[in-house]
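Colleague:
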Amino acid sequence: MNPSNNPSQPKTASPPPSFVKKFPEGQWTSGLCDCFDDPSNCLITCCCPCITFGQIAEIIDKGNTSCGLAGLLYYATASIGCGWLYACTYRSKLRGLFSLPEAPCADWLVHCCCCACSLCQEYRELKNRGVDPSIGWQANVDEWSRERLQPPFVAPGMDR
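Here the numbering used here is used: the first residue of the sequence shown is 1, the next is one more, and so on.
1. Confirm, please, whether the CB-CB distance from Trp137 to Cys115 is below 8 Å.
2. How about Glu122 and Leu94: do their beta carbons lie closer than 8 Å?
3. Return the residue from the list Trp108, Gln150 and Ala139 that minimises the CA-CA distance to Ser66.
4. Any chance you could list the alpha helix (DSSP H) runs of at least 4 consecutive residues sitting entirely within the segment 39-83, in chain order?
5. According to the neighbour-count rule (16 or more other Cβ atoms, all chains shown, within 10 Å of its Cβ), is Leu126 buried or exposed?
6. Report, in whole angstroms, the separation of the C-beta atoms of Gly26 and Pro101, which I expect to be a contact under 8 Å.
7. Under 8 Å, with one C-beta from each stretch per pair, do the segment 43-54 and the segment 71-81 reach the 3-pair mark?
8. For the alpha helix (DSSP H) containing Val131, list its first residue and its last residue.
Right, here's the structure in full:
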């Protein structure tokens with residue numbers, strides 16, 4: 001007799017689906033220099049960082065800022081040498097969402113010295129935590145609803 005068909009045996013909870021990744025709270029899931037963990041994003045970020053930044057900003061702002069607008073603002077500020085200043089504010093917001101440490105140094109310094117690496121790390125962080133920045137906020141919300149998943153950083157009833 002199969003033990004799972006025996007009504008006298010207590011049922012055990014099934015393990016979480018294999019796609020659900022659990023990471024320790026308060027730790028980055030990848031390092032600043034792990035850009036080649038996602039080679040396609042690394043290439044896009046090196047050639048046109050405004051695309052990656054726009055995708056990150058749309059997710060962090062929960063769809064209130066479009067990818068295009070955020071990317072355009074990044075491009076405009078970067079053209080006068082201040083893109084890192086705008087981008088570091090979103091690194092701070094991302095750290096706040098997941099209670100991440102300001103590491104390896106201050107957000108402004110990471111973006112000032114290693115802007116492409118920091119954008120790649122932020123993009124990977126979102127992906128590793130269950131968000132696909134490349135499809136935008138609304139598509140992620142739709143996917144989470146379809147799969148009955150709780151968004152990684154949105155309190156119930158707080159999504160758009």
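Each residue gets a CB set at the ideal place from its N, CA and C atoms; glycine is no exception. Model, not experiment: these values are computed from the prediction.
Modeller: The answer reads as follows:
1. no
2. yes
3. Ala139
4. 39-47, 49-60 and 67-79
5. buried
6. 7 Å
7. yes
8. Run containing Val131: none; DSSP gives neither H nor E here.
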